[in-house]
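Worksheet: the structure to be examined is printed underneath.
Number of protein chains: 2
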Amino acid sequence: MTNFVGVIRVLTLDDPEMVATHGRQIERKYGLATRSRCIPDQRRGIYDAESERLAIPKIVPLAKQLAEEGAAAIVVSCAADPGVPELRRELRIPVIGGGSAVAHLALSLAERVGVLELTETADPFVQQLLGGKLVGVGIPEGVKDTTDLMTDWGREAALKAAGRLVESGAGALVLACTGYSTIGLAPELRRRFGVVAVDPVDAEGLVVWYAVGGGTAVG
Amino acid sequence: MTNFVGVIRVLTLDDPEMVATHGRQIERKYGLATRSRCIPDQRRGIYDAESERLAIPKIVPLAKQLAEEGAAAIVVSCAADPGVPELRRELRIPVIGGGSAVAHLALSLAERVGVLELTETADPFVQQLLGGKLVGVGIPEGVKDTTDLMTDWGREAALKAAGRLVESGAGALVLACTGYSTIGLAPELRRRFGVVAVDPVDAEGLVVWYAVGGGTAVG
């Protein structure tokens, strides 16, 4: 583990510290070095099929460049896994997507999984991966984007939506938007409802940590 | 993380140190305390549907006892996940199965996954979880049980079978028998073939570490 993990943000941000927030979370929790980049000219990020189609040809060259710079693995930090299949065909290093990481970690934890989305127009990728184990989808009432989540009422709405999923029988919760990572919702859900809530940045960090030899290096 | 993880072995062993080998691997790699127990009267472990049927009513009370003793989570250390759905219905702590942990971790790492089984009569549980992403099943030629794996020829046969899976396009390998953990095959496969090989005990340890707050506690 002499080198770094490349982290791709699918949202155009000007401040390098904002670009690096997911990478910093991975550094803090798993002791990995990261280098973060964001795609150009998508200030609203990926929010539907068309914006995803536009993003993929920007994600692929960014990831290739990070690989050339010496990245040991690439994380595409988005719950829709945009560009991940394409990159896995082209690169010889592990490529991890936020959506598949969070969905599969939840599937390792419970028979019935609830998904907390941000809005009704969320990409169905994570829900599709959960298949017959999906017990329900929760959406915080009144929340339109991630900035709403940072308000007291937005956080309360997210907690209520999560509570309904637990009442429906969810044994684990997927937080299917990295906005939930920003507000640190997972530990609070665990304390309140007694089920594991899987944070997408934590999940992609856990998988990339394993991929670059974490489990082996410690042993 | 003041308490311990309960680890269940589905093979009857007399020596407590042998019972604890999987638990020790989890302790070493993830810094968790473990307490291991094995089921009674199954000296050949689980090797077909009937032996699994017999094991489940022994696994459930062992796990419940570990939970009563204060276990923070339970690991059923077997690639067939015996008793895992039953325990998740009865216990309020996370229950992790070796098979679902190893399959889902591989599915977070690659589009196409190869499985290294021990013999042709292997439980199909892991292969079924991989579904359409399963690229092939490898079986080391001439190997009849885990003791064969500990010989030079058995290890060589396992390496050859893994090589064929990589040639078939596997981007990650699942080691679907904890015998491969015992001989430490995963790091060697990584070095030789450049793909991540997922060790079942490492995988269940990774998931239980997350479940008991590893990702949170460090942050």
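Here the protein sequences line up with chains A and B, keeping their order.
Going by my numbering, the first residue of the first sequence is number 1, and it counts up by one from there.
Going by my numbering, the first residue of the second sequence is number 220, and it counts up by one from there.
Here a beta-carbon is modelled for each residue, glycine too, at the ideal position from N, C-alpha and C.
This one's a predicted model, so the numbers in the text were calculated from it and none came from an experiment.
Within the same chain, and ignoring the five residues on either side of B:E330 in sequence, the residues whose Cβ sits closer than 7 Å to its Cβ are K352 and G390.
Proximity of B:I265 to chain A, defined by a Cβ-Cβ separation below 8 Å, is not satisfied. Within the region 86-98 of chain A, the residues whose Cβ lies closer than 7 Å to some Cβ of chain B are R88, R92, P94 and I96, listed in chain order. Within the region 145-189 of chain A, the runs of beta strand (DSSP E) at least 3 residues long that lie entirely inside it are, in chain order, 172-175. DSSP places B:I315 inside the beta strand (DSSP E), whose first and last residues are V314 to G316.
Taking a cut-off of 8 Å for Cβ pairs, the region 371-386 of chain B and the region 398-415 of chain B touch, as three or more such pairs fall below it. In the DSSP assignment, A:L116 falls within the beta strand (DSSP E) that extends over V113 to L116.
With a threshold of 8 Å between beta carbons, A:V126 makes no contact with chain B. Cβ-Cβ distances below 6 Å link B:S319 to D300 in the same chain, with the five nearest sequence neighbours on each side left out; the list follows chain order. Between the alpha carbons of B:P280 and B:G361 lies a gap of roughly 37 Å.
Counting along the chain, the unbroken beta strand (DSSP E) around B:S255 starts and ends at A252 to C257. Taking the beta carbon of A:E111 as reference, the chain B residues within 9 Å of it are V303, P304, R307 and R308, listed in sequence order. In chain order, E336, T338, E339 and A380 place their CB closer than 7 Å to the CB of B:I358, counting only its own chain and leaving out the 5 sequence neighbours on each side. Residue nearest to B:L285 within the set B:C297, B:A298, B:E269 and B:L306 is B:L306 (criterion: CA-CA distance).
In this structure, the CA atom of A:I39 is about 28 Å from the CA atom of A:R155. Inside the region 16-73 of chain A, DSSP marks whole alpha helix (DSSP H) runs of 4 or more residues at positions 16-19, 21-30 and 49-68, from first to last along the chain. Pairing A:E17 with A:G98 gives a Cβ-Cβ distance that is not under 8 Å. Annotation: A:R9 is outside any alpha helix (DSSP H); the continuous beta strand (DSSP E) that includes it extends over F4 to R9. For A:L189, not one C-beta of chain B is nearer than 8 Å to its own C-beta.
At least one CB of chain B lies nearer than 8 Å to the CB of A:A101.
If you draw a straight line from the Cα of A:D48 to the Cα of A:L129, it is about 18 Å long. Boundaries for B:V356: no alpha helix (DSSP H) harbours it, while the beta strand (DSSP E) harbouring it runs L353 to G357, taken from the DSSP string. The criterion of a C-beta distance shorter than 8 Å is satisfied by B:L394 and B:A405.
Annotation: B:A299 is outside any beta strand (DSSP E) and is labelled neither H nor E by DSSP. Nearest CB-CB separation between B:G351 and chain A: not below the 8 Å threshold.
Contact with chain B is found for A:V196, since one of that chain's Cβ atoms lies less than 8 Å from the residue's Cβ.
Residues V7, S77 and V201 of the same chain have their beta carbon placed closer than 6 Å to that of A:H22, with the five preceding and five following residues left out of the count.
DSSP places B:A320 in the helix class (H, G or I) of the three-state scheme. Beta bridge pairing from DSSP links B:A416 with B:L392. Taking A:P94 as the centre and dropping the five residues before and after it, the same chain places the C-beta of A73 and A211 closer than 6 Å to its C-beta, in chain order. With its beta carbon at least 8 Å from every one in chain B, A:G136 lies outside the interface.
Legend: CB atoms of the region 134-165 of chain A lying less than 7 Å from CB atoms of chain B are not found in any residue. Contact of A:G171 with chain B is assigned, a C-beta pair being separated by under 8 Å. Under the three-state reduction of DSSP output, B:R311 falls in the coil class, being neither helix nor strand. In this structure, A:V135 keeps its C-beta atom at 8 Å or more from the C-beta atom of A:V126.
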